[in-house]
Every structure is written in C-alpha cells, then in structure tokens.
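J.:
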Amino acid sequence: MQTLVTGCAGFVGSHVVDQLLADGHAVRGVDCFTQYYDPARKHRNLDDASRSHRFELVDADLRTTDVVALLDDVDVVYHLAGQPGVRVSWADGFGEYVSLNVLVTQRILEAVRTRPVERVVYASSSSVYGNAQSYPVRETDVPRPYSPYGVTKLAAEHLCVLYAENWRIPTVSLRYFTVYGPRQRPDMGFSRFFDAALGGEPIPVYGTGEQVRDFTFVADVVDATIRSGILPTPPGTVMNVAGGESVTVNGLVDLLGELLGRSVEVTRLPPQPGDVQRTGGVTDRARAFLDWAPQTPLAEGLRRQLLWIQALSSEHLANPVVRI
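Following this note's numbering, the numbering of the sequence shown begins with 32 at its first residue and continues without gaps.
#1: Please return the same chain residues whose Cβ sits closer than 8 angstroms to the Cβ of Arg-199, not counting the five positions on each side in sequence.
#2: Can you name, in chain order, every residue of its own chain whose Cβ lies under 7 angstroms from the Cβ of Arg-118, other than the five neighbours on each side?
#3: Using C-beta distances below 6 angstroms, list every residue in its chain close to Val-168, excluding the 5 sequence neighbours before and after it, in chain order.
#4: Work out the CA separation of Ala-319 and Thr-96 for me, nearest whole Å.
#5: Between the alpha carbons of Gly-124 and Gly-240, how many angstroms are there, rounded?
#6: Excluding the 5 residues preceding and the 5 following Ser-345 in the sequence, name in chain order all residues of the same chain whose CB lies nearer than 7 angstroms to its CB.
#7: Please report the straight-line C-alpha distance between Val-43 and Pro-115, rounded to a whole angstrom.
#8: For the region 53-87, which segments carrying the alpha helix (DSSP H) assignment without a break, of at least 4 residues, lie completely within its bounds, in sequence order?
#9: Excluding the five sequence neighbours on either side, which residues of its own chain have a C-beta within less than 6 angstroms of the C-beta of Arg-150, listed in chain order?
#10: So, for Cys-191: in the same chain, excluding its five sequence neighbours on each side, which residues have a beta-carbon less than 6 angstroms away from its beta-carbon?
#11: I'd like to check one pair, His-56 with Val-252: are the Cβ atoms closer than 9 angstroms?
#12: Only counting runs of 4 or more residues, tell me where the alpha helix (DSSP H) segments fall wholly within the region 266-303, in order along the chain.
#13: If you compare alpha carbons, which of Glu-87, Pro-70 and Met-219 is closest to Val-280?
#14: For a quick check, are the C-beta atoms of Gln-341 and Leu-229 less than 9 angstroms apart?
#15: Could you pull the start and end residues of the alpha helix (DSSP H) that Ala-255 belongs to?
#16: Can you say whether Glu-170 is buried or exposed, counting buried as having 16 or more other CB atoms within 10 angstroms of its CB?
#17: Just how far apart, CA to CA, sit Tyr-237 and Asn-132?
#18: Using a Cβ-Cβ cutoff of less than 6 angstroms, which residues in the same chain neighbour Leu-185 once the five nearest sequence positions on both sides are dropped?
#19: Considering only DSSP beta bridges, list what His-110 is partnered with.
#20: Alpha carbon to alpha carbon, what distance is there between Thr-298 and Gln-242?
#21: Three-state secondary structure (DSSP) at Ile-200?
#22: Rank Leu-321, Leu-333 and Pro-235 by C-alpha distance to the C-alpha of Pro-301 and give the top, closest one.
#23: Comparing alpha-carbon positions, which option in His-84, Trp-323, Arg-309 and Leu-338 lies nearest Gln-215?
#24: For Ala-53, is the classification buried or exposed, using 16 other Cβ atoms within 10 angstroms of its Cβ as the cut-off for buried?
#25: Could you name the residues of the same chain whose beta carbon sits closer than 7 angstroms to that of Pro-179, not counting the 5 residues immediately before and after it, in chain order?
#26: In three-state terms, what does DSSP make of Arg-169?
#27: Can you give me the start and stop residues for the alpha helix (DSSP H) that Val-99 sits inside?
#28: Candidates Arg-206, Arg-82, Arg-94 and Val-48: which alpha carbon is nearest Thr-65's?
#29: When DSSP labels each residue in this structure, what does Tyr-207 get in the three-state scheme?
#30: Leaving out five residues before and five after Leu-348 in sequence, what residues of the same chain have Cβ atoms less than 6 angstroms from its Cβ?
#31: For Tyr-237, which of helix, strand or coil comes out of DSSP?
#32: Assuming Ala-250 and Thr-314 are in contact, meaning their beta carbons sit under 8 angstroms apart, how far apart are those beta carbons, in whole angstroms?
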C-alpha cells in the first residue's frame with residue numbers, strides 16, 4: 032500500500048510513518064518543518080524512516096505546493112499536519128492556525144476529488160468539545176470549542192464530513208485526547224513537567240491543578256490511526272481516540288514523583304485562556320469500527336516517555352555540541 036502522511040516529522044506523524052514502514056507499506060511523507068519548535072527535533076524523529084527505501088520525504092508547504100502531484104499512486108492519506116497548541120492560537124496567531132489547519136485540509140480534500148484515494152484519515156482533537164456538559168463525551172455531543180485552536184480543528188473536521196456527504200470522499204476524523212509518549216512536543220505538558228523535574232526546577236501548573244485530563248499513549252493513537260486507513264468505515268465517520276484513564280494534573284504530578292523516586296516541587300501559575308476544565312471520551316465507536324481499545328496504562332506510558340528522555344540526555348552528553 033502506498034500512503035501519504037502529512038506532518039510526517041511531527042510527534043504523532045513520525046510514529047505513524049515508522050509503523051507503516053514496519054508493516055511493509057510505502058510512505059511519502061510531507062512536512063514543512065515550521066518553527067513552532069526546533070526543526071532539528073523533527074528531523075531526528077525521521078532518523079529510522081530515512082534509512083528505509085520505502086520512505087520518501089517531501090519538504091513542502093501544503094498551503095502552496097501542488098497537492099494533486101503528491102497523490103500520485105497513493106492509496107491512503109493520513110492527514111496529520113497542522114498547527115498545534117491552544118495557548119498561542121489567540122490574537123495575531125489565529126491566521127496561522129486558519130491557514131495551516133483549515134485551508135490545508137480543504138486543499139487536500141479538493142485534490143482528492145480529482146485523484147481519488149481509498150481513505151483520508153484526518154487528525155482532529157478533543158479540543159473540539161470544549162467544556163462539555165457531561166463526561167465522558169460522545170461523538171454525538173454538540174462540540175463547543177473553548178479556544179481558537181479548537182475552532183480550527185472543528186472547522187477542518189466539518190470539511191471532512193461535508194466533502195464525504197457531497198462528494199463521497201471516504202474521510203475519517205479521529206478526535207485525539209491528549210497524546211503523550213516518546214517524541215512528544217517540547218511545549219506539551221508531560222515534556223515540560225519532565226524537563227523541569229529532571230532539571231531540579233519546580234513543575235509549572237496552571238490554575239488549581241484539579242483539571243482532569245484523559246491521556247492517550249502515542250502507540251495506541253498510532254494503532255487507531257492506521258486501522259482507520261485500512262478498515263471499512265462509512266464516509267464522514269468521526270471517532271474518539273481516548274486513553275480511558277483520567278487523572279487530575281495534581282494526581283499526575285504525584286505519579287511523576289513516584290516514577291522519579293522523589294517528591295517534586297510545583298509552581299502555581301494563573302489559569303490560561305482556552306484551557307478546559309476536563310477531558311474524557313467514550314471510545315465505543317472506535318471499538319465497533321476498528322476493533323480498537325487503548326492498551327497502555329498511564330503509569331507504563333509515562334515510564335516509557337521518561338526512559339526516552341533519559342536516553343536522549345545520555346546521547347547528548349556522549350556527543351556534546353561544541354560551539355566556536
């Protein structure tokens with residue numbers, strides 16, 4: 032199977048690429064290596080993939096490149112590219128979110144109209160729900176985003192649904208719930224928490240710390256994502272991909288302390304605009320269509336992320352950067 036993976040060098044995208052290659056598929060990966068965080072980290076995410084003759088890397092901006100040409104011989108599109116992050120999606124940053132999350136998705140769907148594929152899998156987000164009236168949320172609940180980021184993810188999801196309804200484009204939208212694990216972006220919670228704790232600094236916690244999150248290990252997200260591109264689902268399907276293990280941020284800090292074998296200090300910071308009080312999703316639909324369920328307990332997933340961070344630190348110490 033020939034696949035196209037957008038955002039191939041990112042946190043989730045690079046894991047999807049690695050698994051597709053391990054499963055014997057060919058991958059054309061597209062990434063424009065934005066400055067949202069260090070592009071060198073993204074290139075490092077592709078170290079394993081770059082050694083495969085079945086992997087082709089295209090450095091291109093999907094807002095301007097010829098998307099139709101990227102679809103040559105492609106069977107399945109995994110559209111994982113997008114501008115992430117809630118807190119910087121306000122004010123002047125919003126235009127970048129609209130172009131990278133909404134316009135790019137529309138360009139891909141238009142390209143698929145002229146060069147059909149078997150499936151388009153879109154990486155949506157639990158941010159589309161906002162502060163829901165009840166938990167855990169179901170796909171049938173009315174979405175009410177609480178941040179500009181969430182608005183753009185929902186808009187792109189709506190595009191996938193309406194292109195399915197009008198043009199029968201076989202789309203699937205996956206609402207990821209707080210993905211964590213090796214290669215997690217440096218701006219995300221677990222990365223910031225581990226970096227602070229391992230550096231002997233207090234962990235930054237916004238608000239009371241009683242916010243509840245449903246965390247999903249990256250390998251489980253990859254499994255659901257790849258299955259969505261292969262198994263039959265009705266065009267326009269939307270599914271939650273959630274870990275099913277909710278915990279407060281304060282409880283998470285305690286769990287990190289247990290992993291590190293010592294207590295960790297906390298710095299309390301003001302609540303951030305756009306941060307919801309709770310997340311948590313029902314995954315019955317993913318179980319029915321994909322025969323999928325999360326397999327990784329939170330404590331085990333955190334242990335794997337910690338081991339990855341420690342391995343990276345050891346590698347940097349063994350290969351110091353010398354500046355002249």
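All C-beta atoms, glycine included, are put in the ideal place defined by N, C-alpha and C.
T.: Well, looking at it:
#1: Cβ contact annotation for Arg-199 (same chain, cutoff 8 angstroms, sequence separation greater than five): Pro-266, in chain order.
#2: Gln-303 and Gly-305
#3: Tyr-160 and Gly-312
#4: 37 angstroms
#5: So the alpha carbons of these two residues sit roughly 27 angstroms apart.
#6: The answer is none, since no qualifying residue turns up.
#7: 12 angstroms
#8: 70-76
#9: Excluding residues within five positions, the ones whose Cβ falls inside 6 angstroms are Val-107, Pro-201 and Gly-260.
#10: Tyr-153, Thr-202 and Ser-204
#11: Contact: no.
#12: List check, alpha helix (DSSP H) in window: 280-291.
#13: Met-219
#14: For Gln-341 and Leu-229, yes; Cβs fall inside 9 angstroms.
#15: 249-261
#16: Here Glu-170 is buried: its Cβ has 16 or more other Cβ atoms, across all protein chains shown, within 10 Å.
#17: 26 angstroms
#18: Val-159, Pro-174 and Pro-176
#19: Thr-37 and Tyr-153
#20: 15 angstroms
#21: coil
#22: Pro-235
#23: Leu-338
#24: exposed
#25: The residues are Ser-120, Trp-121, Phe-125 and Tyr-128.
#26: coil
#27: In the DSSP annotation of this structure, the continuous segment of the alpha helix (DSSP H) that includes Val-99 starts and ends at 98-101.
#28: Arg-94
#29: strand
#30: Per-residue confidence for Leu-348 stands at a pLDDT of 48, beneath the threshold of 50, marking its modelled position as unreliable; no derived number is given.
#31: strand
#32: Ala-250 to Thr-314, Cβ: 15 angstroms. No contact.
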